[in-house]
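Residue numbers (this note's numbering), protein chains in the order written: chain A, 669 to 924; chain B, 14 to 211.
In this text, a Cβ means the ideal position worked out from N, Cα and C, and glycines have one as well.
Note that this is a predicted model, so its numbers are computed, not measured.
Below is one structure, written out as structure tokens; the observations come after it.
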Amino acid sequence: MEWEDPAIILRRSPHGESSLLVRVLTRRHGVHHALVKGGRSRRQAALWQEGNLVMAQWKARLPDQLGYMTAELVRPTASFLLDHPLALSLLSSACSLCSEALAEREPHELLFAALTHFMGALSISAAEPPVALYFRWELILLRELGYGLTLDHCAVTNVRDGLAYVSPRTGRAVSEEGAGEWKDRLLPLPSCLLDDDDEGDPAAWLSAARLSGYFLQRAVFAAHHRPLPAARDRLMTALYRRAEGGTSGQDEEERV
Amino acid sequence: MRISPEIETLISRLARLPGLGPRSARRAALALLQAPETRLQPLIAAMQEAARSIHTCPQCGNLDSCTPCSLCADPQRDPSVICVVESVGDLWALERAGMHRGRYQVLGGVLSALSGQGPEDLNLAGLMERVQSGVVEEVILALGATVDGATTAHWLQEKLAPYGVAVSRLGHGVPMGGALDVLDEGTLAAALSSRKVL
Numbered sequence: 669m670e671w672e673d674p675a676i677i678l679r680r681s682p683h684g685e686s687s688l689l690v691r692v693l694t695r696r697h698g699v700h701h702a703l704v705k706g707g708r709s710r711r712q713a714a715l716w717q718e719g720n721l722v723m724a725q726w727k728a729r730l731p732d733q734l735g736y737m738t739a740e741l742v743r744p745t746a747s748f749l750l751d752h753p754l755a756l757s758l759l760s761s762a763c764s765l766c767s768e769a770l771a772e773r774e775p776h777e778l779l780f781a782a783l784t785h786f787m788g789a790l791s792i793s794a795a796e797p798p799v800a801l802y803f804r805w806e807l808i809l810l811r812e813l814g815y816g817l818t819l820d821h822c823a824v825t826n827v828r829d830g831l832a833y834v835s836p837r838t839g840r841a842v843s844e845e846g847a848g849e850w851k852d853r854l855l856p857l858p859s860c861l862l863d864d865d866d867e868g869d870p871a872a873w874l875s876a877a878r879l880s881g882y883f884l885q886r887a888v889f890a891a892h893h894r895p896l897p898a899a900r901d902r903l904m905t906a907l908y909r910r911a912e913g914g915t916s917g918q919d920e921e922e923r924v
Numbered sequence: 014m015r016i017s018p019e020i021e022t023l024i025s026r027l028a029r030l031p032g033l034g035p036r037s038a039r040r041a042a043l044a045l046l047q048a049p050e051t052r053l054q055p056l057i058a059a060m061q062e063a064a065r066s067i068h069t070c071p072q073c074g075n076l077d078s079c080t081p082c083s084l085c086a087d088p089q090r091d092p093s094v095i096c097v098v099e100s101v102g103d104l105w106a107l108e109r110a111g112m113h114r115g116r117y118q119v120l121g122g123v124l125s126a127l128s129g130q131g132p133e134d135l136n137l138a139g140l141m142e143r144v145q146s147g148v149v150e151e152v153i154l155a156l157g158a159t160v161d162g163a164t165t166a167h168w169l170q171e172k173l174a175p176y177g178v179a180v181s182r183l184g185h186g187v188p189m190g191g192a193l194d195v196l197d198e199g200t201l202a203a204a205l206s207s208r209k210v211l
């Protein structure tokens, strides 16, 4: 049994003295565990970093075995982000969510493509990371897991414009007019989740984080009696700090 | 042939050490048992002495026979510069380089969301105590160039910001004697992004 597939490294843990147990998200084979012989060696250590895009080769005698993995580096995402705290938080959060929310060996080609696109954008603009794009990716994750939100029209008035809230019960969008007296009970829907060209601001990112976090927690993690991953919580803390202090990535770099 | 249970136990204990597998443990055990006076007994004595006298320094987390450790107690070392490392092995590596003349803090790990290692698992008390005392002027974050190492460095930088100490990190990039065409893409990318003007 053998295959080759593009993969994003989600998690690595030491195995013995020089090997690694890795968890990767592949395009056609979903989340996969594998043993990497010599993965902690000087030659391979830079390759097996969380977030890196690789061309992975997996080999095992039987399909249900752990198997061995080797890889060629395609894009060293982690290397581009080491100096950028918010970009690192986004990367860790995306890897943690994939690692903990997705079932093993279940293909999610759309999610893989969206994550590859996000990681590419993150590598290019690490100093000003694409936060809105990240939260749009979280909505894709929810959809891939079967809990997609309906954000194209209002659940009350059926209009397609002026959507401002999401019902926490049904996950359907509600317009300002349709919300009426119930708007205090609804989750704010920032425009950056609806418009691909809208990069949003720290306040909008926080609204987006609360919205997707609410549904991830309720639909995905609560079902397994688990909290959201610690990396997702750290991302929230970083966004709160951004919203309160307004420090840019550049400011944080200059503080070093 | 059946090996005596005492020798089997010795081999299995040795095989658990880093760098030794069952085969090399068997060779080491044989070498020890064939020269009990010159190899086995001195090794036993050295191990007993180390177990009795070596402690973790309460201030920096280093391993030493005195408390505080010889690095913390050395008046020749600059107390205003603290180098933060992940493990005692990293401290020894920096001491071998002989460039750092300040003091150390051994964290005992790094923040790792995926492995569940949080701030409460890091040995930070000694560092914060020294920073709060006002003696420290610079903290060098000598942590690994990994996602977890960088995350820990940023977290520490924020934690130290209110105290007004300068926080720096090690450079990332091309190793001494390294030719560019044999370097991996990740190291090259890190080297390019942390280039400096000549």
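A:L831 is bridged by DSSP to A:S843. None of the residues of the stretch 826 to 837 of chain A has a beta carbon lying less than 8 Å from any beta carbon of chain B. When the Cα atoms are used, B:G190 and A:S880 turn out to be separated by approximately 49 Å. Each residue's CA atom was taken as its position, placing B:G74 and B:M141 some 13 Å apart. At the C-beta level, A:P753 and A:N720 stay beyond 8 Å of one another.
At least one C-beta of chain B is nearer than 8 Å to the C-beta of A:F748. Not a single CB atom of chain A sits nearer than 8 Å to the CB of B:G184.
Around the beta carbon of B:A203, a 10 Å sphere encloses 16 or more other beta carbons of the protein chains shown; the residue is thus reported as buried. Taking the Cα positions, B:I57 is about 54 Å away from A:E774. For the set A:A762, A:R909, A:A891 and A:E867, the Cα lying nearest the Cα of A:L693 is the one of A:A762. In the assembly as shown, A:M787 is a buried residue. Its beta-carbon has 16 or more other beta-carbons within 10 Å. For B:E151, the nearest beta carbon of chain A is not closer than 8 Å to its own beta carbon. Of the candidates A:R900, A:E685 and A:D869, A:E685 places its Cα closest to the Cα of A:R708. For B:D197, the residues of chain A that pass the 7 Å Cβ criterion are A714, L715 and L741, in the order they occur in the chain.
Nearest neighbour of B:C82 by Cα position, chosen from B:V94, B:S66 and B:S93, turns out to be B:S66.
With a minimum length of 3 residues, the unbroken runs of beta strand (DSSP E) contained wholly in the stretch 113 to 163 of chain B fall at 115 to 119 and 151 to 155.
Taking C-alpha positions only, A:L810 is separated from A:D820 by approximately 16 Å. Between B:I153 and B:V101, the C-beta gap is not smaller than 8 Å, which leaves the two residues out of contact.
Residue contact check for A:E912 against chain B: no CB pair falls below 8 Å. When DSSP states are grouped into helix, strand and coil, A:K727 belongs to the strand group. Listed along chain A are A898, each with a C-beta nearer than 9 Å to that of B:G131. B:H68 is outside the set of residues whose beta carbon lies under 8 Å from a beta carbon in chain A. Under the DSSP assignment, A:P682 falls in the beta strand (DSSP E) whose first and last residues are E670 to H683. Secondary structure at A:R695: coil, using DSSP grouped into helix, strand and coil.
For A:T738, DSSP records a beta bridge to A:Q725. Proximity of the stretch 22 to 30 of chain B to the stretch 38 to 45 of chain B meets the contact definition, three or more beta-carbon pairs being nearer than 8 Å. Residues of the stretch 35 to 60 of chain B with a C-beta less than 8 Å from any C-beta of chain A: none at all.
Checking the DSSP bridge columns, you'll see A:R743 partnered with A:L721. By the CB criterion at 8 Å, B:G139 and B:Q130 fall outside the cutoff. Comparing C-alpha distances from A:R894 to each of A:A702, A:A769 and A:H697 shows the shortest one belongs to A:A769. Interface annotation, A:S681: in contact with chain B, CB-CB separation under 8 Å. Here DSSP, grouped into helix, strand and coil, assigns A:H785 to helix. For B:D161 against B:S207, the beta-carbon gap comes to about 19 Å, at or over 8 Å, which does not count as contact. In this structure A:W726 is buried. Its beta-carbon is surrounded by 16 or more other beta-carbon atoms within 10 angstroms. Taking each of A:R910, A:P836 and A:A724 in turn and checking the Cα distance to A:A887, the smallest one comes out for A:P836. Pairing B:E151 with B:V119 gives a Cβ-Cβ distance that is not under 8 Å.
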